[in-house]
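*Asks:* Structure incoming, see below.
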Amino acid sequence: MIWSECKEIWEEGPREYVLHLWNLLDFGMLSIFVASFTARFMAFLKASEAQTYVDQYVQDNTLHNVSLPPEVAYFTYARDKWWPSDPQIISEGLYAIAVVLSFSRIAYILPANESFGPLQISLGRTVKDIFKFMVIFIMVFVAFMIGMFNLYSYYRGAKYNPAFTTVEESFKTLFWSIFGLSEVISVVLKYDHKFIENIGYVLYGVYNVTMVVVLLNMLIAMINNSYQEIEEDADVEWKFARAKLWLSYFDEGRTLPAPFNLVPSPKSFYYLIMRIKMCLIKLCKSKAKSCENDLEMGMLNSKFRKTRYQAGMRNSENLTANNTFSKPTRYQKIMKRLIKRYVLKAQVDRENDEVNEGELKEIKQDISSLRYELLEEKSQATGELADLIQQLSEKFGKNLNKDHLRVNKGKDI
């Protein structure tokens with residue numbers, strides 16, 4: 001993996017390499033692994049030197065009655081008597097950190113999965129909100145840590161526990177109190193100094209209310225809000241991240257994964273042969289330039305040929321450069337199309353989703369005005385219908401009366 005990262009830095013350049021967070025994670029993980037193995041190797045060398053001294057100068061089989069130099073006797077001690085800066089202890093601590101980072105590297109391939117990909121993208125975007133929250137968190141935390149340390153730093157040995165007596169203990173107590181793992185007895189004194197003790201109670205209570213009740217709930221609300229906003233477009237972003245992951249394996253780079261990349265591939269031999277060929281061509285050109293004739297015609301001919309050759313080489317270089325720059329590769333075309341499609345999709349979704357409060361108010365007003373117009377038209381229609389019914393009833397009543405009179409006249413006749 002170290003060889004693979006070195007090749008990537010050589011091909012992309014340090015500036016382009018640093019822009020990707022996964023590259024920084026790989027670099028940090030490998031650096032910690034190298035530091036851990038180096039510290040362990042140093043401890044092994046020191047132990048080997050002590051063993052060599054014992055083999056040369058100590059004749060007894062046991063070391064109980066033998067006086068050894070301090071640097072040799074140190075390697076006979078148990079672990080509880082080792083120095084805190086022992087290379088073996090440092091190596092074990094660094095190795096634990098590197099193992100955690102190595103397992104977090106699995107998240108790089110999560111976008112390939114349909115279930116874990118959108119979740120990984122959403123969680124990655126919420127990290128920005130966490131960093132914003134950390135500014136306020138650190139400010140409040142440092143303020144209370146320094147205040148409690150200044151209050152109890154003069155009472156070292158006069159407390160029931162060493163909380164707040166040093167900067168380290170203040171940090172531990174305040175940090176673990178966020179999770180409810182610190183006790184109230186941390187502010188109690190053995191002396192009868194009630195004023196200091198009461199101030200400690202007040203500051204400790206204000207800290208817990210500020211951190212646990214206010215800031216942590218605010219962080220949860222921020223994460224929930226941002227997660228819901230990201231979840232709407234998580235599918236599109238996941239597909240884009242998946243395509244980006246696929247295309248990363250098509251890049252011009254290592255042929256085999258680690259540790260098989262240490263084995264030379266046919267491509268490596270081809271590049272080596274081409275470089276040797278270019279070196280030989282340059283060497284032949286330099287020798288040809290040094291062998292010039294002293295005759296004028298020969299010099300003129302050589303100059304003429306040289307200018308023609310240089311002009312031909314420049315034309316060929318220009319043609320190749322124009323071809324390379326004018327004809328993009330298939331990979332570049334695919335990347336441009338994907339980016340263009342993603343940007344267009346995002347613009348269309350944004351135009352469809354952008355409905356501000358003013359437009360909503362206008363829609364509500366239009367609906368209310370339409371409602372009133374419909375009610376007015378309905379009332380007018382009902383009035384007109386009542387008038388028509390009344391007119392029809394009057395006409396039908398007159399006609400019935402005329403018919404009744406005609407019938408009566410006929411009977412009389």
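Residue numbering for the sequence shown follows UniProt numbering, starting at 1 and increasing by one per position. Don't be surprised by glycine CBs; every beta carbon is placed ideally from N, CA and C.
1. How far does the alpha helix (DSSP H) with residue 40 in it extend, from its first residue to its last?
2. How many Å lie between residue 230 and residue 361 at the Cα?
3. What three-state label does DSSP hand residue 181 in the structure shown?
4. Kindly indicate which residue of 244, 123 and 202 has the alpha-carbon position closest to the one of residue 337.
5. Taking 9 angstroms as the cut-off, decide whether the C-beta atoms of residue 29 and residue 98 are in contact.
6. Can you give me the C-alpha to C-alpha distance between residue 68 and residue 162, rounded to a whole angstrom?
7. Grouping DSSP H, G and I as helix and E and B as strand, with all else coil, what is residue 375?
8. Under the DSSP definition of a beta bridge, which residues are partnered with residue 159?
9. Would you check if the distance between the CB atom of residue 208 and the CB atom of residue 170 is smaller than 9 angstroms?
10. Along the alpha helix (DSSP H) that carries residue 153, what are the first and last residues, could you check?
11. Between the alpha carbons of residue 4 and residue 135, how many angstroms are there, rounded?
12. By a C-beta neighbour count over all protein chains shown, 10 Å radius and 16 as the cutoff for buried, is residue 282 buried or exposed?
13. Indicate the three-state DSSP secondary structure (helix, strand or coil) for residue 382 in the structure shown.
14. Give every residue of the same chain whose Cβ lies closer than 6 angstroms to the Cβ of residue 295, excluding the five residues on either side of it in the sequence, and list them in chain order.
15. Alpha carbon to alpha carbon, how far is residue 342 from residue 111? Give it in angstroms, no decimals.
16. If contacts are defined as beta-carbon pairs under 8 angstroms, then residue 72 and residue 54 qualify, I think. What distance do you get, rounded to the angstrom?
17. Around the C-beta of residue 93, are 16 or more other C-beta atoms found within 10 angstroms, so that it is buried, or is it exposed?
18. In the structure shown, what three-state DSSP assignment does residue 304 receive?
19. Put residue 288 into one of helix, strand or coil per three-state DSSP.
20. Going by C-alpha distance, which of 197, 334 and 180 is nearest residue 158?
21. Quick check: what's the CA-CA separation for residue 160 versus residue 168?
*Replies:* Per the coordinate set shown:
1. 21-57
2. C-alpha separation (whole angstroms): 27 angstroms.
3. DSSP places residue 181 in coil when its eight states are reduced to three.
4. 244
5. yes
6. 39 angstroms
7. helix
8. 189
9. No, the Cβ-Cβ distance between residue 208 and residue 170 is not below 9 angstroms.
10. Secondary structure note for residue 153: it is in no alpha helix (DSSP H), with a DSSP letter that is neither H nor E.
11. Looking at the two C-alpha atoms, the distance is approximately 36 angstroms.
12. exposed
13. DSSP places residue 382 in helix when its eight states are reduced to three.
14. Note on residue 295: pLDDT 45, under 50, position unreliable in the model; the coordinate value appears next. Nothing listed; no residue qualifies.
15. Going by the C-alpha atoms only, they are around 17 angstroms apart.
16. 7 angstroms
17. exposed
18. With a pLDDT of 48 at residue 304, under the threshold of 50, the predicted position of this residue should be treated as unreliable, though the coordinate-derived value follows. Helix, per DSSP.
19. helix
20. Closest by alpha carbon: 197.
21. 17 angstroms
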